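With the numbering used here, the residue at position 42 of the sequence shown is 42, and numbering never jumps.
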Amino acid sequence: MRSLKVIMIMSIAFICFYFGFPELQERENQQELASSKTQTKTSISPKKEESEEQQKSSSEPQEEYKYDLSGSIYEVIGLSEKEIKAKYGEPEREDQSPYGYTWWIYKQDGVYTQIGVEGGKAVTIYTIGPKISAEPLLTGQPYESVGDIFEISNDVNVEYENGSYQFKLSQDDVVQRPLIPLGKDIYMQLYFDQFTERLSSIRLFTANVLLVHQPYEVYYRGELPNQPLILKRDWNKIEEGVEQQIFDITNMIRNRFDKKSVTWHEKVASVAFDHSKDMAIHNYFSHISLEGDGLKERLKENKVYYFSAGENIAAQYPDAPSTVEGWLNSKGHREALLNEDYTHLGVGVYRYYYTQNFLQKPQ
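Printed below as a string of structure tokens:
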């Protein structure tokens, strides 16, 4: 028997005060909100059993989708690099991921899209925006109506190569990020805003990518796909890409709620990165460092001047989309994401630790 367990957690700190402007009287009013969510991933490997002959491997995908899907998003998985460029054009940038594929980033017509490319083909896609082509799904669609179209279950079975896998979704998973088998060896993850009960964004995976991510509790017979080997020199590029993705997705969500986009702040990003790295290296998770410094002290030390500030942190989420959508579904983090007073944002990522620092700067 083998067991894997990963805990995904997040927390928020909000501080509002005037600091660092000689012409202003210093006023401090600090409030900290904290919420934590845990998500476990457990894998159990009983005695090996021979696969039944009637079980299909992923090398024999179904001919058709299980549902009537007309949106262009469903045509992306399997496209070659040439076909992706013919459809979307040259990517705005290419971000390395820790999962073996490279994210191609597109921002077109109010839609933000990440296409994961590995071995010359698209293996995953994430998209968010008011005009995504995902019929019969629409951004902002009520959860209840999505359940009328797709079968949403707590248990999702995956047959891949010589293994059998079952993802166990908690009730929170079913409500916030259900997993739906589409056929053709493709699985769809839907992110819902639990406060509005409406569809926020969409992700598609191949079975292999889904099993590498392991976003839910999983039981399996066989072997899990190997995790890619990441060299130390590669982490800098991966982390920088995730930081930009968190920034982009944050602004997409702010725009959805008619909030102004925040501007990237490089110095604050450095402050955020240092805190993520400190948490990872010293194995703690808090807005307050082991030396007792909070966001206020970190910004002061780096001579960052502002009217108000807020901080979201998270750990052990697999990537940028899951992290930001997780913050959106937590009351305190959501308040920071959608605070209309904030004008600037710095994001710092170290391995699987994430920090975003918001600022209200004087106009």
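Note that CB positions come from ideal geometry on N, CA and C, so glycine has one too. Keep in mind the model is a prediction, meaning the values are calculated, not measured.
My output table needs one value for residue i: the three-state DSSP class, helix, strand or coil.
i      : result
Asp193 : strand
Thr323 : helix
Glu353 : Sequence inspection shows Tyr at residue 353; the Glu mentioned does not correspond to that position. Strand.
Ile238 : helix
Ser45  : The predicted model places Ser45 with a pLDDT of 33, which falls under 50 and marks its position as unreliable, so this point remains unresolved.
Glu297 : helix
Tyr65  : coil
Lys168 : strand
Ser270 : helix
Ile73  : helix
Asp155 : strand
Glu135 : coil
Tyr216 : coil
Gly147 : helix
Ile84  : helix
Ile246 : helix
Leu328 : helix
Express the C-alpha separation of residue j and residue i in angstroms, rounding to a whole number.
i      : j      : result
Gly346 : Gln245 : 12 Å
Tyr101 : Glu223 : 20 Å
Asp173 : Gln189 : 10 Å
Asn312 : Thr355 : 6 Å
Leu138 : Lys300 : 44 Å
Gly183 : Asn162 : 18 Å
Gly120 : Gly89  : 16 Å
Phe150 : Tyr220 : 25 Å
Val212 : Gly116 : 13 Å
Lys131 : Gly71  : 11 Å
Asn226 : Arg233 : 20 Å
Val175 : Gly147 : 10 Å
Asn236 : Glu243 : 11 Å
Ile180 : Ser164 : 17 Å
Glu240 : Glu335 : 25 Å
Ile73  : Glu291 : 48 Å
Gly140 : Arg198 : 5 Å
Glu92  : Asp278 : 31 Å
Phe307 : Pro362 : 7 Å
Pro178 : Gln114 : 20 Å
Val111 : Lys331 : 25 Å
Met252 : Thr127 : 10 Å
Glu340 : Glu64  : 45 Å
Taking 8 Å as the cut-off, decide whether the C-beta atoms of residue i and residue j are in contact.
i      : j      : result
Val268 : Leu169 : no
Gln273 : Tyr216 : One point to set straight first is that residue 273 is Phe, not Gln, in the sequence displayed. No.
Ala122 : Ile202 : no
His333 : Thr263 : no
Tyr284 : Tyr317 : no
Ser289 : Gly348 : no
Leu338 : Phe257 : yes
Gln171 : Asp155 : no
Ile77  : Leu210 : no
Ser200 : Tyr191 : yes
Pro98  : Ile230 : yes
Pull up the DSSP beta-bridge partners for residue i, would you.
i      : result
Leu359 : Ala309 and His344
Glu118 : Lys121
Tyr160 : Gly163
Glu94  : Trp104
Ser369 : What the structure shows of the chain is the stretch from 1 to 363, and residue 369 is not part of that stretch, so it cannot be assessed.
Arg221 : Ser164
Ala280 : In DSSP, Ala280 forms no bridge with anything.
Ala336 : According to DSSP, which records beta bridges pairwise, Ala336 is partnered with nothing at all.
Tyr126 : Gln114 and Arg203
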